[in-house]
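Everything on this sheet refers to the single structure shown next.
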Amino acid sequence: MSGGLRSLESAREALKAGAARVVVGTQIWKDEANLDSFVKALGDQLVVALDVKDSRLAVRGWVAYARSPLIKRLNDVNTPTWLVCT
16 MSGGLRSLES
26 AREALKAGAA
36 RVVVGTQIWK
46 DEANLDSFVK
56 ALGDQLVVAL
66 DVKDSRLAVR
76 GWVAYARSPL
86 IKRLNDVNTP
96 TWLVCT
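The working numbering applies: residue 16 is where the sequence shown begins, and numbers increase by one.
Here you go:
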């Protein structure tokens with residue numbers, strides 16, 4: 016399931032409803048702690064969406080950009096799955 020998951024709780028609800036995995040994008044990048052929380056809570060059921068525009072990480076429906084060092088953190092916290100959209 017992807018799109019509209021704005022909290023860890025909504026991601027958990029989607030999984031409980033039968034989704035095999037959840038795709039989360041913007042919410043992951045709003046706060047550095049969010050990535051850690053989502054990975055710890057959801058493990059391999061989490062897919063982190065990376066929307067790339069002009070070689071930068073786009074967020075909020077492609078209208079803003081996240082700080083690039085956050086991408087490196089995906090490796091640091093052992094994010095299991097990434098989905099890159101260009």
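Every residue gets a Cβ at the ideal spot worked out from N, C-alpha and C, and that includes glycine.
Span separating the alpha-carbon of residue i from that of residue j
i, j, result
"W77", "A35", "26 angstroms"
"R71", "K87", "13 angstroms"
"G19", "R75", "11 angstroms"
"E24", "L30", "10 angstroms"
"A79", "Q42", "13 angstroms"
Whether residue i touches residue j by CB criterion (8 angstroms)
i, j, result
"L98", "L65", "yes"
"V67", "L89", "no"
"V54", "N93", "yes"
Assigned exposure category for residue i - 16 Cβ within 10 Å defines buried
i, result
"A48", "exposed"
"A32", "exposed"
"L73", "As written in the sequence, residue 73 is Ala, which differs from the Leu given in the question. So A73 counts as buried."
Minimum C-alpha distance to residue i - residue among the options
i, options, result
"A56", "L20, R27, C100, T96", "R27"
"Q60", "Y80, E24, P95, A81", "P95"
"K45", "V37, S22, L30", "S22"
Please list the segments of the beta strand (DSSP E) lying wholly inside the stretch 37-87, counting only runs of 3 or more residues, in order along the chain. 37-39, 61-68, 71-74
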